[in-house]
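K.L.:
Chains as they are written, first to last, in full-length UniProt numbering: chain A, 1 to 351; chain B, 1 to 351.
Every residue, glycine too, gets a C-beta built ideally from N, C-alpha and C.
Since this is a predicted model, take the numbers as computed values, not measurements.
Protein chains: 2
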Amino acid sequence: MARSGRRANQAITIQTVANHAGVSPMTVSNVLNNSSKVRQSKRDAVMAAVRELNYVPNMAARSLASASATRIGLLYRNIENAFLSSILVGALDATSRLGAQLLLRPLENGDPKEIAQQIQGLVENGANAILIVPPYCEIANRHGLTRDCPVPVVAMSPGDALSGDHCVRIDDYGAARDMTAYLIGLGHRNIGFIRGGAGHLIHRTRCEGYQAALRDAGLPVQPELIATGDMSFESGLVAGAALLDLTDRPTAIFASNDDMAAAVVSLAHRRGLDVPRDLSVVGFDDTPIAVKIWPSLTTVKHPGRQISSDAATLAVKLAKDVSVGQPSMLIYLEHKIVLRESAGQCLKLSS
Amino acid sequence: MARSGRRANQAITIQTVANHAGVSPMTVSNVLNNSSKVRQSKRDAVMAAVRELNYVPNMAARSLASASATRIGLLYRNIENAFLSSILVGALDATSRLGAQLLLRPLENGDPKEIAQQIQGLVENGANAILIVPPYCEIANRHGLTRDCPVPVVAMSPGDALSGDHCVRIDDYGAARDMTAYLIGLGHRNIGFIRGGAGHLIHRTRCEGYQAALRDAGLPVQPELIATGDMSFESGLVAGAALLDLTDRPTAIFASNDDMAAAVVSLAHRRGLDVPRDLSVVGFDDTPIAVKIWPSLTTVKHPGRQISSDAATLAVKLAKDVSVGQPSMLIYLEHKIVLRESAGQCLKLSS
Chain A
1 MARSGRRANQ AITIQTVANH AGVSPMTVSN VLNNSSKVRQ SKRDAVMAAV RELNYVPNMA
61 ARSLASASAT RIGLLYRNIE NAFLSSILVG ALDATSRLGA QLLLRPLENG DPKEIAQQIQ
121 GLVENGANAI LIVPPYCEIA NRHGLTRDCP VPVVAMSPGD ALSGDHCVRI DDYGAARDMT
181 AYLIGLGHRN IGFIRGGAGH LIHRTRCEGY QAALRDAGLP VQPELIATGD MSFESGLVAG
241 AALLDLTDRP TAIFASNDDM AAAVVSLAHR RGLDVPRDLS VVGFDDTPIA VKIWPSLTTV
301 KHPGRQISSD AATLAVKLAK DVSVGQPSML IYLEHKIVLR ESAGQCLKLS S
Chain B
1 MARSGRRANQ AITIQTVANH AGVSPMTVSN VLNNSSKVRQ SKRDAVMAAV RELNYVPNMA
61 ARSLASASAT RIGLLYRNIE NAFLSSILVG ALDATSRLGA QLLLRPLENG DPKEIAQQIQ
121 GLVENGANAI LIVPPYCEIA NRHGLTRDCP VPVVAMSPGD ALSGDHCVRI DDYGAARDMT
181 AYLIGLGHRN IGFIRGGAGH LIHRTRCEGY QAALRDAGLP VQPELIATGD MSFESGLVAG
241 AALLDLTDRP TAIFASNDDM AAAVVSLAHR RGLDVPRDLS VVGFDDTPIA VKIWPSLTTV
301 KHPGRQISSD AATLAVKLAK DVSVGQPSML IYLEHKIVLR ESAGQCLKLS S
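Here it is, written out as structure tokens:
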């Protein structure tokens with residue numbers, strides 16, 4: 001069996017060989033890789049040490065060593081979006097820290113067939129567990145792709161709990177409700193909301209949280225105060241303009257991510273509206289842009305890096321757990337409202 | 001030899017088995033992974049196809065298959081910085097597209113010993129070529145770590161050409177010179193500059209480009225007009241304040257990245273200065289924030305994603321090239337000045 005061979009050789013590392021030969025580990029690597037850069041005397045010393053220690057530095061040993069590592073598949077979206085970046089960085093960081101080998105699969109669109117193919121590809125490449133970013137984790141759940149997957153799947157920050165899947169997330173509904181209640185507490189009655197993109201569960205859950213807070217305060221839900229964007233800055237400009245063009249315009253706008261909120265702040269500047277004196281603007285996620293615009297953005301802290309780090313840690317644990325039929329885990333991280341400069345008391349009584 | 005065994009089995013994929021058995025590839029995966037979710041009739045069909053096709057779906061075959069792929073090591077910084085994110089995303093994307101296996105190593109600081117250890121670790125894990133982000137690629141070059149490396153190393157966007165290493169970059173010196181010349185063309189004579197962090201080559205090259213443009217125009221280089229930041233937004237606030245506190249304050253400020261430029265714009269708002277009427281502000285990199293602040297930022301387009309994608313493509317090519325002593329490649333991508341709203345004619349004659 002290869003396994004016992006690997007074990008016998010396990011204690012001998014390049015460092016051991018280097019110490020034995022009295023050279024640097026880099027020199028050992030160079031010799032083993034047949035680099036022409038090493039002097040003959042050093043080369044002889046390394047090869048003598050290799051023979052004496054019975055060190056087997058070949059590719060087969062290497063590939064077996066890597067086959068023994070836990071393999072975590074990561075299905076991600078390769079777009080330059082600050083929240084997704086923080087998710088990606090957290091997963092890369094955690095798997096590296098845990099010594100797991102990461103198998104990466106980027107995917108540009110949410111077609112269920114393509115998601116199924118990528119999941120299958122990861123399984124074929126030996127993934128022992130799979131991490132999936134939103135909205136792909138949501139689409140995979142809806143189409144039964146995770147139920148059919150032979151290895152555990154962990155959804156990173158889905159917009160709602162996904163029945164039957166392991167999830168690490170915040171309570172999007174509760175966070176949107178809290179933020180809306182905060183604006184109501186500042187005296188705002190005419191509060192606009194910019195929904196996230198269709199096809200994401202947050203499209204529903206964050207908007208439901210906004211509506212629940214209005215109802216809690218006995219305020220009407222006015223459909224014309226709900227605009228829809230696709231999470232991009234540009235879509236925030238369009239949705240924000242629609243809200244500010246209303247005859248009875250909102251005194252506060254809650255955008256369901258920071259980029260769309262930043263767009264509303266930018267639009268307010270352009271229209272000569274002072275933020276927050278004339279218009280309060282709040283966002284969601286607390287991505288780096290929140291503190292780089294003026295005035296800085298009051299927003300919901302959505303700990304993406306911590307979520308993906310915890311999800312990766314859970315995936316490694318599940319990958320090593322051979323017991324069958326584990327119940328699905330639903331882990332919540334805390335959200336909080338981060339108070340900055342873009343929201344203030346309502347100074348104007350709306351009609 | 002395992003190699004010939006692998007070749008004999010190479011044409012039979014899970015898809016072939018699925019077609020033969022008349023089931024989906026996912027079902028084949030499930031059966032091969034002993035999932036209990038598959039009906040007995042489907043299980044029997046799959047196992048019959050496996051026997052008839054002599055398909056060997058075990059882990060050893062898998063690890064050998066993955067050992068045959070080109071392995072690209074990526075030494076990166078795991079920080080949430082927009083330019084580094086674009087570099088990371090470009091490298092992930094390109095290696096995935098090229099079918100190369102990626103070995104990831106995050107590193108939090110630039111200690112040469114740690115960089116050497118990470119490079120060595122990548123080589124030991126079978127990397128056939130290595131990609132390195134700045135400033136680690138610059139530090140590795142300075143300490144001879146890349147010269148001693150037995151596999152090709154490609155530096156992604158170093159701040160200057162690195163003698164003896166493969167580099168993919170823009171001309172940082174030329175770009176800073178062009179941007180400064182643009183500000184001089186707008187009538188500015190008192191132009192402040194915020195340098196990048198110490199320890200990066202751009203600390204020198206971008207600043208030299210700024211100084212060269214002043215000299216080209218017959219203007220003096222005034223040391224008090226050069227402040228230093230560490231590339232963070234916060235450091236831009238401090239450096240910007242130092243420049244704006246000067247008795248004869250600059251009418252334009254050129255920050256050597258967008259985050260520091262955004263900080264100067266934010267600071268100008270706070271001080272009641274209109275950008276660009278009272279103060280022109282320009283950045284470097286053209287990261288997403290450039291269009292999300294108001295007014296939007298005139299900046300240098302630094303194509304990070306394209307640079308890292310080209311660097312990864314070069315790394316895969318070099319990894320497959322068995323000829324020794326390849327001359328180091330120095331590949332330049334085009335920079336350009338992106339005109340937006342934050343810079344305008346100088347309306348005030350400085351003394």
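Give, in chain order, every residue of the region 264-275 of chain B whose Cβ lies closer than 8 Å to some Cβ of chain A.
P.N.:
The residues in question are 265, 266, 269, 270.
K.L.:
Compile a chain-ordered list of the residues in the region 144-160 of chain A whose CB is closer than 9 Å to at least one CB of chain B.
P.N.:
Listed by position along the chain: 145, 147, 148, 149, 150, 151.
K.L.:
Let's see if you can read the secondary structure: which residues bound the beta strand (DSSP E) around residue 153 of chain A?
P.N.:
Taking the first sequence and counting its residues from 1, the one referred to as residue 153 of chain A is at position 153. Its beta strand (DSSP E) spans residues 153-156.
K.L.:
Would you mind listing the beta strand (DSSP E) stretches within the region 233-315 of chain A that are 3+ residues and don't spill past its ends, in chain order?
P.N.:
You should have 252-255, 280-282, 299-301.
K.L.:
Measure the alpha-carbon distance for residue 105 of chain A versus residue 85 of chain A and round it to whole angstroms.
P.N.:
As a working note, residue 105 of chain A is residue 105 in the first sequence. As a working note, residue 85 of chain A is residue 85 in the first sequence. If I take the Cα positions, the gap works out to 15 Å.
K.L.:
Determine, using beta carbons only, whether residue 14 of chain B comes closer than 8 Å to chain A.
P.N.:
One-based indexing of the second sequence puts residue 14 of chain B at position 14. Yes, contact with chain A.
K.L.:
I want to see whether chain B comes within less than 8 Å of residue 85 of chain A, judged by CB atoms only; does it?
P.N.:
For the purposes of this step, residue 85 of chain A is taken as the residue at position 85 of the first sequence. Yes, contact with chain B.
K.L.:
Bridge partners of residue 227 of chain B, per DSSP?
P.N.:
Against the second sequence, residue 227 of chain B aligns to sequence position 227. Paired residue(s): B:194.
K.L.:
Checking contacts by CB at 8 Å: is residue 342 of chain B closer than that to chain A?
P.N.:
As a first step, residue 342 of chain B is located in the second sequence; it is residue number 342 there, counting from the start. It does not; no Cβ of chain A falls within 8 Å.
K.L.:
Just verifying my parser: in three-state terms, what is the DSSP assignment at residue 166 of chain A?
P.N.:
Position 166 of the first sequence, counting from 1, holds the residue named residue 166 of chain A. It is a strand residue.
K.L.:
Could you check how far apart the C-beta atoms of residue 133 of chain B and residue 215 of chain B are, in whole angstroms? I think they sit under 8 Å.
P.N.:
Taking the second sequence and counting its residues from 1, the one referred to as residue 133 of chain B is at position 133. Taking the second sequence and counting its residues from 1, the one referred to as residue 215 of chain B is at position 215. So it is not a contact: roughly 32 Å between Cβ atoms.
K.L.:
Nearest chain B C-beta to residue 96 of chain A closer than 8 Å, yes or no?
P.N.:
The residue given as residue 96 of chain A occupies position 96 in the first sequence. So yes, residue 96 of chain A belongs to the interface.
K.L.:
Which residues of chain A have a Cβ atom closer than 7 Å to the Cβ of residue 338 of chain B, listed in chain order?
P.N.:
Against the second sequence, residue 338 of chain B aligns to sequence position 338. Chain A residues near residue 338 of chain B: none, gap ~16 Å exceeds 7 Å.
K.L.:
State the Cα-Cα distance for the pair residue 14 of chain A and residue 48 of chain A, rounded to the nearest angstrom.
P.N.:
Position 14 of the first sequence, counting from 1, holds the residue named residue 14 of chain A. Position 48 of the first sequence, counting from 1, holds the residue named residue 48 of chain A. Each residue's alpha carbon lies about 13 Å from the other.
K.L.:
Report yes or no: is there a C-beta of chain A within less than 8 Å of the C-beta of residue 139 of chain B?
P.N.:
In the second sequence, residue 139 of chain B corresponds to position 139, counting from 1. So no, residue 139 of chain B is outside the interface.
K.L.:
If I measure Cβ to Cβ from residue 8 of chain B and keep anything under 7 Å in the same chain, skipping five residues before and after, which residues do I get?
P.N.:
As a first step, residue 8 of chain B is located in the second sequence; it is residue number 8 there, counting from the start. Note that residue 8 of chain B scores a pLDDT of 35, beneath 50, so its modelled location is shaky; the value from the coordinates is reported in the next line. Around residue 8 of chain B: no qualifying Cβ.
K.L.:
Specify the secondary structure class of residue 185 of chain A as computed by DSSP and reduced to three states.
P.N.:
As a working note, residue 185 of chain A is residue 185 in the first sequence. Residue 185 of chain A: helix per DSSP, three-state reduction.
K.L.:
Can you tell me whether residue 99 of chain A is helix, strand or coil according to DSSP?
P.N.:
In the first sequence, residue 99 of chain A corresponds to position 99, counting from 1. Note: residue 99 of chain A maps to coil in three-state DSSP.
K.L.:
What's the gap between the Cα of residue 246 of chain B and the Cα of residue 226 of chain B?
P.N.:
Your numbering for residue 246 of chain B matches position 246 in the second sequence. Your numbering for residue 226 of chain B matches position 226 in the second sequence. Each residue's alpha carbon lies about 11 Å from the other.
K.L.:
Among A:114, A:190, A:45, A:312, which residue has its Cα nearest to the Cα of residue 74 of chain A?
P.N.:
For this step, residue 74 of chain A is matched to residue 74 along the first sequence. The option with the nearest alpha carbon to residue 74 of chain A is A:312.
K.L.:
How about residue 259 of chain A: is its C-beta nearer than 8 Å to some C-beta of chain B?
P.N.:
Residue mapping note: residue 259 of chain A aligns to position 259 of the first sequence, counting from 1. Chain B contact via Cβ: present.
K.L.:
To which residues of the same chain is residue 178 of chain B closer than 7 Å at the C-beta, ignoring the five residues directly before and after it?
P.N.:
As a working mapping, residue 178 of chain B is identified with position 178 in the second sequence. Here the set comprises 337.
K.L.:
To the nearest whole angstrom, what separates the beta carbons of residue 42 of chain B and residue 23 of chain B, a pair I think is in contact under 8 Å?
P.N.:
In the second sequence, counting from the first residue as 1, residue 42 of chain B sits at position 42. In the second sequence, counting from the first residue as 1, residue 23 of chain B sits at position 23. Between residue 23 of chain B and residue 42 of chain B the Cβ distance is about 5 Å, and since that is below 8 Å, they are a contact.
K.L.:
Any idea what DSSP makes of residue 110 of chain A, helix, strand or coil?
P.N.:
Your numbering for residue 110 of chain A matches position 110 in the first sequence. Three-state result, residue 110 of chain A: coil.
K.L.:
Give the residues of chain A in contact with residue 291 of chain B, contact being defined as C-beta atoms less than 8 Å apart.
P.N.:
Against the second sequence, residue 291 of chain B aligns to sequence position 291. Near residue 291 of chain B (Cβ distances below 8 Å), the residues of chain A are 233.
K.L.:
Just the chain B side, please: which residues come within less than 9 Å of residue 93 of chain A by C-beta, in chain order?
P.N.:
Reading the first sequence from its first residue, position 93 is the one you call residue 93 of chain A. Ordered by position in chain B, the residues that pass the 9 Å Cβ test against residue 93 of chain A are 78, 106.
K.L.:
Between residue 45 of chain B and the rest of its own chain, which residues show a CB-CB distance below 8 Å, the 5 nearest in sequence each way excluded?
P.N.:
Translated into positions along the second sequence, residue 45 of chain B becomes position 45. Taken in chain order, the residues that qualify are 21, 22, 23.
K.L.:
When you compare the CB positions of residue 269 of chain A and residue 294 of chain B, do they come within less than 8 Å of one another, or not?
P.N.:
As a working note, residue 269 of chain A is residue 269 in the first sequence. As a working note, residue 294 of chain B is residue 294 in the second sequence. Against a cut-off of 8 Å, the Cβ pair of residue 294 of chain B and residue 269 of chain A comes out as a contact.
K.L.:
According to the neighbour-count rule (16 or more other Cβ atoms, all chains shown, within 10 Å of its Cβ), is residue 221 of chain A buried or exposed?
P.N.:
Within the first sequence, the letter at position 221 stands for residue 221 of chain A. It counts as exposed.
K.L.:
Mind checking whether residue 190 of chain B and residue 248 of chain B have CB atoms under 8 Å apart?
P.N.:
Taking the first residue of the second sequence as 1, we reach residue 190 of chain B at position 190. Taking the first residue of the second sequence as 1, we reach residue 248 of chain B at position 248. Their beta carbons are under 8 Å apart, which means residue 190 of chain B touches residue 248 of chain B by this criterion.
K.L.:
Does residue 347 of chain B come within less than 8 Å of chain A when only Cβ atoms are used?
P.N.:
Along the second sequence, read from residue 1 onward, the residue named residue 347 of chain B stands at position 347. Taking Cβ atoms only, chain A never reaches closer than 8 Å to residue 347 of chain B, which makes this a no.
K.L.:
Would you say residue 26 of chain A faces chain B, with C-beta separation under 8 Å as the test?
P.N.:
Counting from 1 along the first sequence, the entry for residue 26 of chain A is found at position 26. Closer than 8 Å to some Cβ of chain B, the Cβ of residue 26 of chain A qualifies, so yes.
K.L.:
Does the beta-carbon of residue 59 of chain A have 16 or more other beta-carbons within 10 angstroms, so that it is buried, or is it exposed?
P.N.:
Within the first sequence, the letter at position 59 stands for residue 59 of chain A. No answer about residue 59 of chain A holds up, because its pLDDT of 43 lies below 50 and its placement is not dependable.
K.L.:
On the three-state DSSP scale, how would you describe residue 69 of chain A?
P.N.:
Locating residue 69 of chain A in the first sequence gives position 69, where the first residue counts as 1. Coil.
K.L.:
What number of angstroms, rounded off, separates the C-alpha of residue 254 of chain B from the C-alpha of residue 202 of chain B?
P.N.:
Indexing the second sequence from 1 puts residue 254 of chain B at position 254. Indexing the second sequence from 1 puts residue 202 of chain B at position 202. If you take the alpha carbons of residue 254 of chain B and residue 202 of chain B, they lie about 14 Å apart.
K.L.:
Please classify residue 97 of chain A as buried or exposed, where buried requires at least 16 neighbouring CB atoms within 10 angstroms.
P.N.:
Here residue 97 of chain A corresponds to residue number 97 of the first sequence, with the count starting at 1. Burial call: exposed.
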